[in-house]
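Asks:
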Amino acid sequence: MIIVPFPELRFNTEFVRFLISGGLATLSYVTAFNGLVYAQALPAPVASVCAYFVGMVVSYLAHSMFTFSIHSHKASGVIKFTVQSCLGILLSYSIIAMSQGSNRISHFWASIAVALVIPLANYFLMKYWTFRGDGRAGR
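Numbering (full-length UniProt numbering), first residue to last: 1 to 139.
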């Protein structure tokens, strides 16, 4: 028998839907961030925040409708998602800002670190706090 450290991550359709939705949001973030940085439109930390907002909109729509099948969008769910996203912005900004202080880490790899760390934290927050009890379908 294989022991899974996080039983919530065992193969299930909700987690697969989360990966698909999160992948779309992550792709939105990475594309917007690198587009802004490499076009020299904004400094990297500011570009990260702007790109995070793009990913945030994509994430809310995809996760609420597809991942967690929310049928009635409540203000409390939007507020929780916004709080969760603001915590993500702070973490994202911190990772990018720390990479800027180190000449050994490129902006690209820092954005990949953001793209890996934040989604995992978001899954647990969404499942157990953000969308809990907000009109979820019986999946």
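Don't be surprised by glycine CBs; every beta carbon is placed ideally from N, CA and C.
Is the distance from the Cβ of Gly-88 to the Cβ of Ile-118 below 9 Å?
Replies: On the sequence shown, residue 88 is found 88 positions in, with the first residue counted as 1. On the sequence shown, residue 118 is found 118 positions in, with the first residue counted as 1. Contact flag set, yes.
Asks: Excluding the 5 residues flanking Thr-67 on each side, which residues of the same chain have their C-beta closer than 6 Å to its C-beta?
Replies: For the purposes of this step, residue 67 is identified with residue 67 of the sequence shown, where counting begins at 1. Cβ within range, chain order: Arg-17, Phe-18, Ser-21.
Asks: Give a yes or no on whether the C-beta atoms belonging to Ala-62 and Leu-24 are separated by under 9 Å.
Replies: On the sequence shown, position 62 is the one that residue 62 refers to. On the sequence shown, position 24 is the one that residue 24 refers to. Result yes, Cβ atoms of Ala-62 and Leu-24 sit closer than 9 Å.
Asks: According to DSSP, is Ile-105 helix, strand or coil?
Replies: Stepping through the sequence shown from its first residue, residue 105 is reached at position 105. Ile-105: coil per DSSP, three-state reduction.
Asks: Between Met-1 and the rest of its own chain, which residues show a CB-CB distance below 7 Å, the 5 nearest in sequence each way excluded?
Replies: Counting from one through the sequence shown, the residue named residue 1 turns up at place 1. At Met-1 the pLDDT is 47, less than 50, meaning the model places this residue with poor confidence; the figure from the coordinates comes in the next sentence. So the list is empty, once near-sequence residues are dropped.
Asks: I need the DSSP call for Ala-47, collapsed to helix, strand or coil.
Replies: For the purposes of this step, residue 47 is taken as the residue at position 47 of the sequence shown. Reduced to three states, the DSSP call for Ala-47 is helix.
Asks: Please confirm whether Phe-131 and Phe-53 have their CB atoms less than 9 Å apart.
Replies: Sequence index remark: in the sequence shown, residue 131 carries index 131 (1-based). Sequence index remark: in the sequence shown, residue 53 carries index 53 (1-based). Not in contact: Phe-131 and Phe-53 (Cβ atoms no closer than 9 Å).
Asks: Using alpha carbons as the reference points, say which of Gln-100, Leu-120, Ala-115 lies closest to Ala-44.
Replies: The count along the sequence shown starts at 1 and reaches residue 44 at position 44. If we check each option's Cα against that of Ala-44, Gln-100 comes out closest.
Asks: Could you name each continuous alpha helix (DSSP H) segment of 4 residues or more that falls completely within the UniProt domain "GtrA/DPMS transmembrane" (17-131), going from the start of the chain to the end?
Replies: 44-62, 75-100, 107-125, all fully within the UniProt domain "GtrA/DPMS transmembrane" (17-131).
Asks: In angstroms, rounded to a whole number, what distance separates the CA positions of Ala-110 and Ile-95?
Replies: Sequence index remark: in the sequence shown, residue 110 carries index 110 (1-based). Sequence index remark: in the sequence shown, residue 95 carries index 95 (1-based). Ala-110 and Ile-95: Cα-Cα distance of roughly 7 Å.
Asks: Under 8 Å by Cβ, that's how I've got Gly-55 and Tyr-29 pegged, so tell me the actual separation to the nearest angstrom.
Replies: Counted from its first residue, the sequence shown places residue 55 at position 55. Counted from its first residue, the sequence shown places residue 29 at position 29. Indeed they touch by this definition, with Cβ atoms about 4 Å apart.
Asks: Can you check whether the CB of Val-114 is closer than 9 Å to the CB of Ser-92?
Replies: Counting from 1 along the sequence shown, the entry for residue 92 is found at position 92. Counting from 1 along the sequence shown, the entry for residue 114 is found at position 114. Yes, these two residues count as a Cβ contact at 9 Å.
Asks: Hey, would you say Leu-107 sits closer than 9 Å to Asn-34, going by beta carbons?
Replies: Here residue 107 is taken as the residue at index 107 of the sequence shown, counted from 1. Here residue 34 is taken as the residue at index 34 of the sequence shown, counted from 1. Checking the displayed sequence, the identity of residue 107 turns out to be His instead of Leu. Yes; because the gap between Cβ atoms is below 9 Å, this pair is in contact.
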